[in-house]
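Chains as they are written, first to last, in our numbering: chain A, 6 to 312; chain B, 45 to 138. Yeah, the Cβ is synthetic: ideal placement off N, Cα and C, and Gly gets one too.
What follows is the structure in C-alpha cells.
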C-alpha cells in the first residue's frame, strides 16, 4: 500500500522529503549515490590541490583556490543532503575510509602538468555538469535542491578549465602539445565517468523507476560528447578517438569502444592514485582530530562558565 | 570516531529588506563557528547581507503526512480571498 502511494507521488513528480515514507531500497540507493557524489567532490580536491602552489600566475592561483574551495562546499551540500536520510557524517567518512563507499574513478588519475588543470575543468567538470543538470530533477527533495545550488556554481569551473586549454592550444608548440596530451589522457576516463553502458548497469531500472536518475548513463554520455566535440575543434585540439564521426541520421556523434577492463580495474582500487587519494584523506582527517576535539572542549567550557 | 558536531540550520537574507530564507545546514560546535561556517559555505558569491543560524534540534516542524488534516481548516474559507466577492459593474480601484 505504502509502496503504491509512494510510486504514485513519484509518477506525479511530487518530491520526496526526508520525513516521508520511502521504501528501504530507495533510501539505500540514495545514500549510496549521494555519498559517492559527496566523496567525489572532496577527493576531487586533491588532484587540483596538487597544482595550487605551482600555478603559473597569481590570477591562476586565485582561481584554482576558489575552485577547490567550491568543491569542498559542494561536498558539504551533498553530505547534508545525505544526512537527511538518517546516516551521520562520521558514518559516511568511515564508509569511505573502509572502502565501502566509492568516489568517482576519474580522481584516481594523476594530474601531471598544468594543462591537466585545463582538462579537469573542461572535461571532468563538464561531464559532471551534464550529470548534475539532469539530477536537478531527481525525486528526492534535498538532493535536488543541492544539485540546483551546485549547478549555479559549476559553470565557472568548466569555463576556467576551457580557458586554460584554449590559451595553451594557441601558445608555443610545446604548450599546445601539453594541452593535447592532457586531452588524450583525460578524454576516455571523462566519458567513462557516466558509468557502465545501460546494458551493464544493473541498478538503472530502479533508479529510473524511482526517478532518482532522470536519464540513463548512455544518454548522458552522448549528450556530453555531442556538446564537447565542437569545443575541441574551436581551440584546435583533437579528440583521441579515431572512430568519432558525426551521424547525420541520429544527429549525434558515433564514438569508439571504451576500455571497460581499465574502468573496472580503477573502480576496484587498482588505478594509478587510488591508494594515495585515500591515504591522504585519512591523514588529513586524523591530523585534524585535535582541532575538532579542541572546538568541543571549548564549547563545553563556555557552557560551564555560563552556568 | 568523534561524535557528530551539532547541526545548525542556516537562513540567509539576500538583501536588506527581504525575508531570511532557509538555505541548508552546517556542522559546528558553537554559535560563532556556526556563523562563520555558514558564511564560508553559503555566501561565497555575495548571496547574503545577514545570516541566521539556529540549532536544528530547536526547529519544530509539522508532519508532511498529516498536512491534509493540519491545513484543512483554511480550505473551506474561500471568503478569505478577494476573488470570492462580486463587484458591481463599473466599480473601479477596488
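Thinking just about the alpha-carbon of each residue, which of the options is nearest to the one in residue i?
i: residue 303 of chain A; options: B:60, B:64 and B:72; result: B:72
i: residue 61 of chain A; options: A:97, A:180 and A:261; result: A:180
i: residue 262 of chain A; options: A:35, A:196, A:36 and A:84; result: A:196
i: residue 248 of chain A; options: A:259, A:194 and A:49; result: A:259
i: residue 69 of chain B; options: A:198, A:81, A:135 and A:9; result: A:81
i: residue 109 of chain B; options: A:24, A:127, A:204 and A:170; result: A:24
i: residue 240 of chain A; options: A:124, A:49 and A:74; result: A:124
i: residue 57 of chain B; options: B:82, B:75, B:102 and B:77; result: B:82
i: residue 283 of chain A; options: A:228, A:138 and A:49; result: A:49
i: residue 74 of chain B; options: A:89, A:216 and A:300; result: A:300
i: residue 102 of chain A; options: A:237, A:156 and A:279; result: A:279
i: residue 184 of chain A; options: A:132, A:116 and A:133; result: A:116
i: residue 130 of chain A; options: A:194, A:212, A:251 and A:147; result: A:194
i: residue 29 of chain A; options: A:91, A:44 and A:210; result: A:91
i: residue 156 of chain A; options: A:203, A:307, A:75 and A:134; result: A:134
i: residue 114 of chain A; options: A:7, A:256, A:269 and A:191; result: A:191
i: residue 182 of chain A; options: A:163, A:119 and A:97; result: A:119
i: residue 39 of chain A; options: A:13, A:110, A:204 and A:97; result: A:97
i: residue 45 of chain A; options: A:206, A:308 and A:286; result: A:286
i: residue 202 of chain A; options: A:265, A:151 and A:141; result: A:265
i: residue 76 of chain B; options: B:99, B:91 and B:132; result: B:99
i: residue 112 of chain A; options: A:36, A:161 and A:43; result: A:43
i: residue 51 of chain B; options: B:125, B:89, B:112 and B:97; result: B:97
i: residue 246 of chain A; options: A:149, A:256, A:253 and A:230; result: A:230
i: residue 48 of chain B; options: A:309, A:255, A:72 and A:294; result: A:294
i: residue 79 of chain A; options: A:148, A:19 and A:65; result: A:148
i: residue 85 of chain A; options: A:151, A:105 and A:144; result: A:151
i: residue 142 of chain A; options: A:95, A:217 and A:73; result: A:217
i: residue 227 of chain A; options: A:69, A:14, A:200 and A:213; result: A:200
i: residue 15 of chain B; options: B:115, B:101, B:60 and B:117; result: Lying before the first or after the last residue shown, residue 15 of chain B is absent from chain B, which here runs from 45 to 138.
Which first and last residues belong to the beta strand (DSSP E) in which residue i is found?
i: residue 251 of chain A; result: 250-252
i: residue 40 of chain A; result: No beta strand (DSSP E) holds residue 40 of chain A; the alpha helix (DSSP H) holding it covers 29-48.
i: residue 258 of chain A; result: 257-259
Helix, strand or coil, according to DSSP, for residue i in the structure here?
i: residue 199 of chain A; result: coil
i: residue 177 of chain A; result: coil
i: residue 56 of chain A; result: coil
i: residue 45 of chain B; result: Below a pLDDT of 50, predicted positions are generally treated as unreliable, and residue 45 of chain B, at 37, falls in that range; no measurement from the model is reported.
i: residue 138 of chain B; result: coil
i: residue 21 of chain A; result: strand
i: residue 104 of chain B; result: coil
i: residue 26 of chain A; result: coil
i: residue 95 of chain B; result: strand
i: residue 131 of chain B; result: coil
i: residue 125 of chain B; result: coil
i: residue 141 of chain A; result: coil
i: residue 240 of chain A; result: coil
i: residue 119 of chain B; result: coil
i: residue 194 of chain A; result: helix
i: residue 91 of chain A; result: coil
i: residue 246 of chain A; result: coil
i: residue 235 of chain A; result: helix
i: residue 276 of chain A; result: coil
With respect to the alpha helix (DSSP H) encompassing residue i, which residues constitute its N-terminal and C-terminal limits?
i: residue 267 of chain A; result: 265-270
i: residue 165 of chain A; result: 146-174
i: residue 297 of chain A; result: 294-311
i: residue 84 of chain A; result: 63-88
i: residue 12 of chain A; result: 7-16
i: residue 111 of chain B; result: 111-115
Counting only beta-carbon atoms, is residue i nearer than 8 angstroms to chain E?
i: residue 107 of chain B; result: Structure shown: chain E not included; protein chains present are A and B.
Taking 7 angstroms as the cut-off, is the C-beta of residue i nearer than that to any heavy atom in the ligand GTP?
i: residue 179 of chain A; result: Absence of the ligand GTP is noted for the structure shown, with no ligands found whatsoever.
In the stretch 31-45 of chain A, which residues sit with their C-beta less than 9 angstroms from some C-beta in chain B, listed in chain order? none
Compile a chain-ordered list of the residues in the stretch 51-71 of chain A whose CB is closer than 7 angstroms to at least one CB of chain B. none
Report the start-end ranges of each alpha helix (DSSP H) in the stretch 51-93 of chain B that is 4 residues or longer and not cut off at the edges. 75-86
Residues of the stretch 77-100 of chain A in Cβ contact with chain B at a cutoff of 8 angstroms, in chain order, please. 78, 81, 82, 85, 88, 93, 94, 95, 98 and 99
Taking any Cβ of chain A, which residues in the stretch 66-86 of chain B have a Cβ under 7 angstroms from it, in chain order? 68, 69, 71, 73, 74, 77 and 85
Please give the ranges of any beta strand (DSSP E) in the stretch 202-233 of chain A, keeping only runs that are unbroken, at least 3 residues long and fully inside the region. none
If contact means a Cβ-Cβ distance below 7 angstroms, which residues of the stretch 128-156 of chain A contact chain B? none
Listed from N- to C-terminal order along the chain, which residues in the stretch 291-306 of chain A have their beta-carbon within a distance smaller than 8 angstroms of any beta-carbon of chain B? 294, 297, 298, 300, 301, 303 and 304
Residues of the stretch 13-26 of chain A whose Cβ lies closer than 7 angstroms to any Cβ of chain B, in chain order: 22, 24 and 25
Please specify which runs of the alpha helix (DSSP H), each continuous and at least 4 residues long, are wholly inside the stretch 93-129 of chain A, giving them in chain order. 94-102 and 120-124
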